[in-house]
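Mapped onto this note's numbering, the consecutive letters of the sequence shown carry residue numbers 2 to 88. Note that CB positions come from ideal geometry on N, CA and C, so glycine has one too. Treat the numbers as computed from the prediction; the structure is a model and nothing was measured. Below: one structure, written as structure tokens.
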Amino acid sequence: MKMYEVCCDSCFSIFTIPKLVEEHLRDSGETLYCPKGCGLSFEKKKKDVCDDSSITKSRLAATKRSLSATQGVVTKLRNRIRKLNQG
Ligand SMILES: [Zn+2]
2 MKMYEVCCDS CFSIFTIPKL VEEHLRDSGE TLYCPKGCGL SFEKKKKDVC DDSSITKSRL
62 AATKRSLSAT QGVVTKLRNR IRKLNQG
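Rendered as structure tokens:
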């Protein structure tokens with residue numbers, strides 16, 4: 002049987018439920034309770050959001066940093082060229 006790993010947003014407990022149960026919860030919108038009793042909603046793909054978005058966010062931040070660094074270099078070069086052209 003395929004299992005689905007659940008990460009509790011409140012207490013960070015990690016536990017597994019059968020994939021069929023996970024699909025049922027997602028379809029029905031019923032609440033799942035973690036071993037410590039926190040209520041978890043399955044409206045969205047929580048695990049995927051948890052894993053992918055943090056990676057995407059850090060990649061986006063890194064890309065933005067390198068982009069702004071590149072823009073800074075371009076601006077400096079432009080200013081240097083302008084000064085050279087002015088004489
Ligand atoms: Zn919990």
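Problem - Helix, strand or coil at glutamate 23 according to DSSP, with G and I counted as helix - result: helix
Exercise for the section: Report whether the distance from the Cβ of cysteine 12 to the nearest heavy atom of ligand 1 is below 7 Å. Expected result: yes
Handout entry: Where phenylalanine 13 falls, given that 16 or more other Cβ within 10 Å makes a residue buried
Key = exposed
Practice task
For the segment 22-36 and the segment 50-69, state whether three or more C-beta atom pairs, one from each stretch, are separated by less than 8 Å.
Solution key: no
Practice task
Confirm the yes/no value for this check: CB of cysteine 9, any heavy atom of ligand 1, distance under 7 Å.
Solution key: yes
Exercise for the section: Excluding the 5 residues preceding and the 5 following proline 36 in the sequence, name in chain order all residues of the same chain whose CB lies nearer than 7 Å to its CB. Expected result: Ser14 and Phe16
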